[in-house]
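Some notes on the structure that comes next.
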Amino acid sequence: MTTVQEALADAVRCLSLAGVADADREAVWLLAHVLQTSAGTVRARGREPVPPAAAGTYSEMVARRSQREPLQYILGTEEFMGMTFKVTPAVLIPRLDTETLVRESAALLQGAVRVADIGTGSGAVAIGLARLLPQAQVVAVDISPAALAIARENAEANGVGTRVEFRVGDLLEPLRGVLFDAIVSNPPYIGEAEWECLMPEVRCFEPKGALTPGKDALLYYRQLARGSRELLRAGGFLAVEVGYDQSAAVADLFSASGFAVATHLDTGGCSRVVIGYTREKNGKPAGGVPAGCRS
């Protein structure tokens, strides 16, 4: 019977040959998941045998990871803002960078506000906002019914199911007729040229439509900038996550659409979030716009 130590050694060899960068750690995580224990416990049980059924499951998981399927899809979950999210190939895997969008948006809101999350995917942004803003009502929009089903499960699992409403549709269309205090979005923003250079975990497994709009990487920012103002209350704002080199271009788009603009850095020091604040008819920023915004 294979021991834990032997199973790990075989897995590390397979993952390393497949080009998985952190093969040792991922081998441990996968086996810990199979054995329903912690990574530290797995390492301490090196001489113990792995039950045959568990060994078979582990081999299947290692084989999937060796094909560069994302670890999160194999395990079925990902952590975001201290919460556990169910993830499948129907949704984009939540990233740490996106916490900046959630936290910067929440910091500008208080009380019984109404917020919309466009392109919600797993629901990470909408649920994160609902958790940080206990009196807020959040509308989460996605064009994919399969994604919305996952997001709805995540909202229930993380205790905000009664405060997040899910609507299927394209971009802002499902919001017509309602005013919001904020519209937030992490839209597809990877251009076609960059797409071909992505790691296979992303390019071959995550939903392409959630990552790239095609040739025009700024397509959805243009549409959001044009259509959001009529859906925002005075003093409201549009906040978006952007690619590492897109901040200036998106800020220009927002300015051209009449927003006062501010940008925010992520934890790595990259300009990751652009916020457009509504203006009054005289051209001045509406109430509540922070000092230092670009006019």
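The numbering of the sequence shown is my numbering, which starts it at 5 and goes up by one.
Don't be surprised by glycine CBs; every beta carbon is placed ideally from N, CA and C.
| Query | Result |
| --- | --- |
| Rounded distance between the beta-carbons of proline 192 and tyrosine 224, thought under 8 Å | 6 Å |
| Spatial neighbours of serine 148 in its chain, beta-carbon cut-off 7 Å, leaving aside the 5 residues before and after | Ala94 |
| Delimiting residues of the beta strand (DSSP E) encompassing glutamine 141 | 141-146 |
| Pick from Thr7, Lys90, Gly23, Trp33 that is closest to arginine 51, judged by C-alpha positions | Thr7 |
| Three-way DSSP call (helix, strand, coil) for phenylalanine 89 in this model | strand |
| Cβ distance (whole Å) where glycine 127 is taken to contact alanine 144 below 8 Å | 6 Å |
| Which of helix, strand or coil DSSP assigns to leucine 242 | strand |
| Collapsed DSSP secondary structure at serine 126 in the structure displayed | coil |
| Alanine 243 versus glutamine 40: straight-line alpha-carbon distance, rounded | 40 Å |
| Contacting residues, own chain, Cβ-Cβ under 6 Å from leucine 304 (five flanking each side not counted) | There is no way to answer for residue 304, as the model of the chain reaches only from 5 to 299. |
| Exposed unless 16 or more other CB atoms sit within 10 angstroms - verdict on glycine 125 | buried |
| Start-end ranges of the beta strand (DSSP E) lying completely within the region 163-243, minimum 3 residues | 168-172, 184-189 |
| First and last residue of the uninterrupted alpha helix (DSSP H) at leucine 75 | 75-79 |
| Collapsed DSSP secondary structure at glutamate 10 in the structure displayed | helix |
| Assigned secondary structure, serine 4 (DSSP; H/G/I helix, E/B strand, else coil) | With the chain covering 5 to 299 only, the question about residue 4 has no answer from this structure. |
| Cβ shell of proline 217 (< 6 Å), same chain only, five flanking positions each side left out | Pro192, Leu223, Tyr224 |
| Sequence-distant residues of its chain with Cβ nearer than 6 Å to cysteine 274 (five each side left out) | Tyr248 |
| Residues near tyrosine 77 in its chain [Cβ-Cβ closer than 7 Å; skip 5 each side] | Val91, Thr92, Pro93, Phe209 |
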